[in-house]
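Protein chains in written order, with my numbering: chain G, 3 to 502; chain V, 3 to 502. The beta-carbon is built from N, C-alpha and C at its ideal position, and this holds for glycine as well.
2 protein chains.
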Amino acid sequence: MTSETPLTSRQRIRRAYSPQTLETLGEHLIERLGEHLSQLQRRDEVVLNWKLPEPNLSLAHETLSTAGDDPELLSRFRGLIEIAIRHGHNLHHPRYIGHQVPASIPLAGLFDALGSITNQVMAVYEMGPWATSVERALIERWGAVLGLTPGTFSGLVTHGGSLANLTALLTARNVSLKESWSQGIGHSNRLPVLVTQADAHYCVTRSAGILGIGTEQVIKVPLDGRRRMDPNALDDILARLRKEGTPIVAVSASACATPIGAFDPLNEIADICERHDVWMHVDAAHGGAVSFSEKHRHLIDGIARADSFICDAHKTLFVPALCAFVFYKDKQHRFETFQQDAPYLFDPSAPGMANIDSGMVTIECTKRAATYGLWGVWSLFGQQIFSDLIDETFATTRLFYEKLCEAEDFEPLHEPECNIQVFRYLPPSKYDLSEQEVGELNRKVRRHLMESGEFYIVQTNLDGVGALRVCVMNPLTNEADLDQLLSSIRTSALQLLESE
Amino acid sequence: MTSETPLTSRQRIRRAYSPQTLETLGEHLIERLGEHLSQLQRRDEVVLNWKLPEPNLSLAHETLSTAGDDPELLSRFRGLIEIAIRHGHNLHHPRYIGHQVPASIPLAGLFDALGSITNQVMAVYEMGPWATSVERALIERWGAVLGLTPGTFSGLVTHGGSLANLTALLTARNVSLKESWSQGIGHSNRLPVLVTQADAHYCVTRSAGILGIGTEQVIKVPLDGRRRMDPNALDDILARLRKEGTPIVAVSASACATPIGAFDPLNEIADICERHDVWMHVDAAHGGAVSFSEKHRHLIDGIARADSFICDAHKTLFVPALCAFVFYKDKQHRFETFQQDAPYLFDPSAPGMANIDSGMVTIECTKRAATYGLWGVWSLFGQQIFSDLIDETFATTRLFYEKLCEAEDFEPLHEPECNIQVFRYLPPSKYDLSEQEVGELNRKVRRHLMESGEFYIVQTNLDGVGALRVCVMNPLTNEADLDQLLSSIRTSALQLLESE
Chain G
3 MTSETPLTSR QRIRRAYSPQ TLETLGEHLI ERLGEHLSQL QRRDEVVLNW KLPEPNLSLA
63 HETLSTAGDD PELLSRFRGL IEIAIRHGHN LHHPRYIGHQ VPASIPLAGL FDALGSITNQ
123 VMAVYEMGPW ATSVERALIE RWGAVLGLTP GTFSGLVTHG GSLANLTALL TARNVSLKES
183 WSQGIGHSNR LPVLVTQADA HYCVTRSAGI LGIGTEQVIK VPLDGRRRMD PNALDDILAR
243 LRKEGTPIVA VSASACATPI GAFDPLNEIA DICERHDVWM HVDAAHGGAV SFSEKHRHLI
303 DGIARADSFI CDAHKTLFVP ALCAFVFYKD KQHRFETFQQ DAPYLFDPSA PGMANIDSGM
363 VTIECTKRAA TYGLWGVWSL FGQQIFSDLI DETFATTRLF YEKLCEAEDF EPLHEPECNI
423 QVFRYLPPSK YDLSEQEVGE LNRKVRRHLM ESGEFYIVQT NLDGVGALRV CVMNPLTNEA
483 DLDQLLSSIR TSALQLLESE
Chain V
3 MTSETPLTSR QRIRRAYSPQ TLETLGEHLI ERLGEHLSQL QRRDEVVLNW KLPEPNLSLA
63 HETLSTAGDD PELLSRFRGL IEIAIRHGHN LHHPRYIGHQ VPASIPLAGL FDALGSITNQ
123 VMAVYEMGPW ATSVERALIE RWGAVLGLTP GTFSGLVTHG GSLANLTALL TARNVSLKES
183 WSQGIGHSNR LPVLVTQADA HYCVTRSAGI LGIGTEQVIK VPLDGRRRMD PNALDDILAR
243 LRKEGTPIVA VSASACATPI GAFDPLNEIA DICERHDVWM HVDAAHGGAV SFSEKHRHLI
303 DGIARADSFI CDAHKTLFVP ALCAFVFYKD KQHRFETFQQ DAPYLFDPSA PGMANIDSGM
363 VTIECTKRAA TYGLWGVWSL FGQQIFSDLI DETFATTRLF YEKLCEAEDF EPLHEPECNI
423 QVFRYLPPSK YDLSEQEVGE LNRKVRRHLM ESGEFYIVQT NLDGVGALRV CVMNPLTNEA
483 DLDQLLSSIR TSALQLLESE
């Protein structure tokens, strides 16, 4: 094969489907990823390969501009892999302490690759018999760990926490407003509301917008002193709504809410929802994984009393994105989501299969084998690994909090309940900055650290003022990293103050 | 390390994050997948490893029941991979001719694995600078191939066709009913409708249910003799709705509809939608890829006139699930989906980034690097490979149609427009079966072929009668496979008839 002879259509297809090529390129990929992971663990690389969108977009276009007849497939492949690594995010660097996205267990990605390369999918059981089975087994296992009663509950897996919340709230809407699926929201006389708390993830309000409830029909329960949903305020709100006769779709609690990682008091909320006969939902995207830890599972006490709740394995079970679970306390509720229109692909010659066909209960029709990664690491290491990861990363966060308390020029903005810590650097008094200016300074420091590749942390707003936020999502982040973070923030802030 | 000494938490974590282990296990995986693909291409394996759900579920539970301290990690890994392969679907077998899920280009899975193992994600640009850039470049490229005008359109990538249709129809709803996002569907006086055609995918009606429009508020335009949306009927329906003052969310056309792969006449529909000032949407999940083929692109003439349309790369661009594209003719419309609530994670210190942050326009917040596979194969082989795949699989389907026409005991139920062919086996007249009984017989034959692992094809309902359906989603399916399929169906049917 030379570059002078144009390939035929069939030759191009045979090249693309060649098992030998898969092996040759795959071996290179694995070797390169092993080396990459070693470099990151040695802290031999930047955390983030920061570039503005424009040059990255130009390079992406350049890679796509090819005739594709390059005879040196391995060399072209190596070049592409190198570009992707050199322009991506190094989430496995122990100094990535940023969003609620983990330095995932690398081996989980291998199981995920098995699913991708062989293209295992679901919708109907027969298209993904193993993918469907491991998903079902994991729902049963994790549900039991979460305190649900085997045989009485059900669940599903979907592409991310936002979609999981949307699915569960759709179910809640259909149960609360019986005709809304078939006749629409416009059919009822009184406008329904969705109740959540002030720090809830934006996807809860978005769900109200999507589901035809309306974002202005979201009632936000005030927070208590620890930024948790205030149960007394919730009780008052529900009492008022019931008195008015306003239809209530659900109460959506958070475990935890994203800003500072505060866990709502689920047992108290469950008592109140039971008393007012309201569907209780919990967004436990981040916190559901504490169920594996003897030490921290108390944070979600009461979650098994909720009618529905969601947990993201791709957050605190440390598997790659996306792998989100929805649980229903009453297993029949899963059939309320779409009130069972029976689509064409469900075969009347095997009606019993509908009980296991994932497409009956998920917004996705074709769905990838999203749980292969979780199934693989659980089956390799046992469920103990999830407890280890929670305990280690929570302990590291606690250590960071203690360091913030000790440092004179830092202020932790709360005591951490999990692996999230919000704080501010406080500049020397001689600069005489207002609270807003301190917030702005912290944001600038964050941007500097991020762009330099030294650390990756995030910024947030707390009561309108900028702050720094870390989330320990790598179990290899150690004390030296934390000390260096404080030192780098301090240095960067002082440089910024001097240069202004 | 021996199995007698229990591992500490840190030791377990170091094992799970070891770069050397990643390489050792990864090399085995790649070698095994190369061998597996060779076996399938040689037709040395069954197509589907059929087992009922119960034994698979038991085995899945068994694999999860482990203490996890097995010192022989490679051997345990090999065992797990073997189980997953031996109990999964062999979609890469050339005798898989079933759902609209491809025998994906294996190398696409390697690029996907790069994204998974390093956990590249999006929502904000800085979390996935390369993932965001290749996604954006692919939207620009494919959009131009589809006939959109560079600089004027926009798009997004999401997890599957159902979610893509939901996202586009949500945008259409918000544009058509201006207050529906903030105030809900219940606020308007007149109940809105969604117009589609009788063979549209079930997710269109589901979208009406999800969006608060109501599944009974879906108006289905009758089909013409080729099962395409009848433009005259559409014109009449829209005229009546406009006269009544009924709010119309959108007209959703299909390119193609799933039952027989019929392509709606998009130019005629566009004329009508323009005349009545209605949002035109096209579900081109399956058909969008014909844009790459000189020979077949006429099938979607007019698609670039639609206000929104969707195309699944994980169908006819032959990449692994899931990778669905939404396109908006007017680039500003992407900001109507959520009417831009500004969530906490969008950083006020870099407001320009909102233009590229994927979370602003997708239902997903955290989103995996879903386009790495497509980016990789396009960059390796050029866009010509997509044309090759369309042309080859469509030609194979045409050949199958000709064989059906020639055979006396088979009946093609339509002339194929793409790679979908619906047909029936016709038993000898001596059995004197009714039309319904012939349909049932065809369903039973299908189940037999599927369970035996000889072929994987699907069943469908056409006007209430069971039929067989193939979709050629593997470019390596050849004439001998087609001959064998007819022969196997015939043998299986006659055996069933004799045994009854």
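Supposed contact pair residue j and residue i - C-beta distance, whole angstroms, cut 8 Å
i	j	result
G:R14	G:Y458	In fact, because the Cβ distance is near 40 Å, the residues do not count as touching under 8 Å.
G:H101	G:L39	No, G:H101 and G:L39 are not in contact; Cβ-Cβ is about 20 Å, not under 8 Å.
G:A18	V:F383	6 Å
G:I215	G:P194	6 Å
V:S106	V:V321	6 Å
V:G130	V:A306	No, V:G130 and V:A306 are not in contact; Cβ-Cβ is about 29 Å, not under 8 Å.
G:H91	G:K53	Actually they do not touch by this definition, with Cβ atoms about 11 Å apart.
V:G170	V:I312	The residue you asked about is not Gly; residue 170 of chain V is Ala in the sequence shown. Their Cβ separation, rounded to whole angstroms, is 6 Å, which keeps V:A170 and V:I312 in contact under 8 Å.
Inter-residue spacing [alpha-carbon to alpha-carbon] between residue i and residue j
i	j	result
V:H63	G:V136	8 Å
G:C367	G:S60	34 Å
G:Y427	G:A409	10 Å
G:T207	G:T217	6 Å
V:G165	V:H203	The identity of residue 165 of chain V in the sequence shown is Leu, whereas the question assumes Gly. C-alpha separation (whole angstroms): 12 Å.
G:V317	V:T462	Correcting the residue identity first, residue 317 of chain G is Lys in this sequence and not Val. Whole-angstrom Cα-Cα distance: 39 Å.
V:I187	G:L213	9 Å
G:A110	V:F425	42 Å
G:T198	V:R400	56 Å
G:M475	G:E481	14 Å
G:T23	V:T479	20 Å
V:L415	V:R228	10 Å
V:T4	V:E74	A caution first: V:T4 carries a pLDDT of 46, below 50, which makes its placement in the model unreliable, though a value can still be read off. Whole-angstrom Cα-Cα distance: 9 Å.
G:L324	V:D279	39 Å
V:F340	G:S209	10 Å
V:E25	G:E33	6 Å
Per-residue DSSP class, three states only, for residue i
i	result
G:H189	helix
V:Y19	coil
V:R63	According to the sequence as given, residue 63 of chain V is His; it is not Arg. Reduced to three states, the DSSP call for V:H63 is helix.
G:G70	coil
G:K222	strand
G:F340	coil
V:I459	coil
G:I107	coil
G:K331	coil
V:F155	coil
V:Q41	helix
G:M124	strand
V:Q497	helix
G:K405	helix
Residue i and residue j closer than 9 Å at C-beta
i	j	result
V:T154	V:D332	yes
G:L225	G:D201	yes
V:H298	V:C258	no
V:C420	V:L301	yes
V:I119	G:P477	no
V:E453	G:E29	no
V:R78	G:S77	no
G:A308	G:A272	yes
G:R336	G:L150	no
V:V251	V:L196	yes
G:F329	G:S360	no
G:V379	G:I392	no
Chain C within 9 Å of residue i, Cβ atoms only
i	result
V:W132	Of the chains in the structure shown, none is chain C; the protein chains are G and V.
Across the stretch 55-72 of chain V and the stretch 113-120 of chain V, are there enough close Cβ pairs to call them in contact, namely three or more that are closer than 8 Å?
no
Pair every Cβ in the stretch 433-450 of chain G with every Cβ in the stretch 272-288 of chain G, then say whether three or more of these pairs are closer than 8 Å.
no
Determine, using beta-carbon pairs with one atom in the stretch 168-187 of chain V and one in the stretch 257-271 of chain V, whether at least three such pairs fall under 8 Å.
No, they do not touch.
Do three or more CB pairs link the stretch 139-148 of chain G to the stretch 132-147 of chain V at distances below 8 Å?
no
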